[in-house]
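Asks: I have a structure I would like to understand better, so I am pasting it below and will then ask my questions one at a time.
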Amino acid sequence: MNLTHSLNDDLKTAPVFEIEKALNRVHNKKDLLKRVIDIFVKSLSERINAIEKELEQQNWEALGTLAHSIKGSSWTIGAQQLGNIAYAMEKAAGDKNLHLFRELVQLFQSSVQRFLDFEKNLNNLTSESSSIR
Amino acid sequence: MNKKKFRFLIVEDDEMIRLIHKDFLGELYPDSEIIEAENGAQGICHYFESHPHIILLDMMMPIMGGEAFLDILEEGHRSKILNKKPKIIVVTAIKDVKELMSIGKRFAVEAVISKPLVQNQLKSLLEDWIS
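Written as C-alpha cells, this is what we have:
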C-alpha cells in the first residue's frame, strides 16, 4: 500500500502545533511548556537518526516502538501533525510496509522542519492562543 | 495512605513525558518522593529498592517494556516474594481497544489512562487512594 493522496492531504493539513492544546496539557504553565518543548526538539534529531539506522536493518519492532514513542510525545505537546504521521508510521511498521514507511519518513522529516521553524518563534506565541498550520 | 510519606515511581522512556508527570505529581503531592525509571528494567530495580506506593507505567519502552515489568511483579506476587501490591496506573498511547482491555484485566493493573495524561484525571484517581 502506498501513501494515498487523501492520507497525504490529511497528514499535511493537520496543525503543526496547537498552542492552546499544549498549554492545556501542562495546566497553562508556560515555563514547563518551554522546558518540555526544548526536550522534545532535542529528541527529534536523535529519533530521526535512530529511525534511519533501524530502517537500514528493517528492524520493524524497533521502528514501531520509535514511532509509538514519537506519537505519544507529539500529541502530548499539541504537535498534531507530527503525532499523526508517527501514528501512520507505527501502523506501517506493524504491517512491515517498507515503501509506505519510507514515504512517511520523508513526510515526517518535512513536518519536523515546519515544527522547528515554528518553534523559533515560540516565545512570542506563548503569550497568545493560536494554531499553526 | 498518608500523602506526606508517599512514594511514586514513574516508568517512562520519554524524558519529556517524565517531566510532565513529575510536575503533575509534585504539584498534587508536594511532600511525596518521586522516583524515575527510563524502562521496565530500571523500574524493577527501583521497585525493589524503594517500594513505591503508586507506579505510573508506560507500556512500549525500549530494553524492557511495561508488559515484562508487569509479568515480573505478578510472578513475584504469585510466588509470595512480594507481599505488598502497589497501585499501578498504566499511561499509554496504545489505541487498540482489545490491547487496552487486556492490559486493564491484568492482576497488577488498577487503572489504564490514555496519553496524554490530564492532571485532573490523575488527581481524581489518586484522591480515591490517598487521604
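Top to bottom, those sequences are chains Z and W.
With numbering that gives the first Met the number 0 applied, the first sequence corresponds to residues 0 to 132, in that order.
With numbering that gives the first Met the number 0 applied, the second sequence corresponds to residues 0 to 130, in that order.
Note that the Cβ used here is the ideal one computed from N, Cα and C, for glycine as well.
For E19(Z) and I80(W), I'd like the C-alpha separation in whole angstroms.
Replies: 47 Å
Asks: Look at the alpha carbon of A13(Z) and the alpha carbon of R113(Z), and state the distance between them as a whole number of angstroms.
Replies: 12 Å
Asks: According to the neighbour-count rule (16 or more other Cβ atoms, all chains shown, within 10 Å of its Cβ), is E89(Z) buried or exposed?
Replies: buried
Asks: For S128(Z), I'd like the list of residues in its chain whose CB is within less than 7 Å of its CB, leaving aside the five on either flank, ordered along the chain.
Replies: In this prediction, S128(Z) scores a pLDDT of 48, lower than 50, which makes its location untrustworthy; the coordinate-derived value is nonetheless stated afterwards. The residues are I18, E19.
Asks: Starting from E51(Z), trace the alpha helix (DSSP H) both ways and give me its first and last residue.
Replies: 29-55
Asks: Just reading off the beta strand (DSSP E) that F7(W) is part of, what are its end residues?
Replies: 6-10
Asks: Between the Cα of H76(W) and those of F106(W), I53(W), S49(W), K94(W), spot the shortest distance and give me the residue it belongs to.
Replies: F106(W)
Asks: Using the Cβ count rule (16 or more neighbours within 10 Å means buried), how would you classify M100(W)?
Replies: exposed
Asks: Within 8 Å of any Cβ in chain Z, is that where the Cβ of L125(W) sits?
Replies: Chain Z contact via Cβ: absent.
Asks: Please check the pair D57(W) and V111(W), which I expect to be a contact at CB under 8 Å, by giving their CB distance rounded to whole angstroms.
Replies: Wrong, their Cβ atoms sit about 12 Å apart, outside the cutoff.
Asks: Excluding the 5 residues flanking V69(W) on each side, which residues of the same chain have their C-beta closer than 6 Å to its C-beta?
Replies: Note on identity: in this sequence residue 69(W) is Leu, with Val being the wrong assignment. These residues qualify, in order along the chain: R105, A107.
Asks: Is there a C-beta anywhere in chain W that falls below 8 Å from the one on S42(Z)?
Replies: yes
Asks: Kindly list, in the order they appear in chain W, the residues whose Cβ is closer than 8 Å to that of K70(Z).
Replies: A92
Asks: DSSP three-state call for S31(W): helix, strand or coil?
Replies: Correct three-state label for S31(W): coil.
Asks: Out of curiosity, what's the CA-to-CA distance linking H67(Z) and N48(Z)?
Replies: 16 Å
Asks: Who does T91(W) pair with in a DSSP beta bridge?
Replies: According to the DSSP secondary-structure assignment, T91(W) is paired through a beta bridge with S113(W).
Asks: What did DSSP end up calling L72(W) once you bin it into helix, strand or coil?
Replies: helix
Asks: Under 7 Å Cβ to Cβ from F16(Z), same chain only, skipping five residues before and after it: list those, please.
Replies: The residues are G77, A78, F114, F117, I131.
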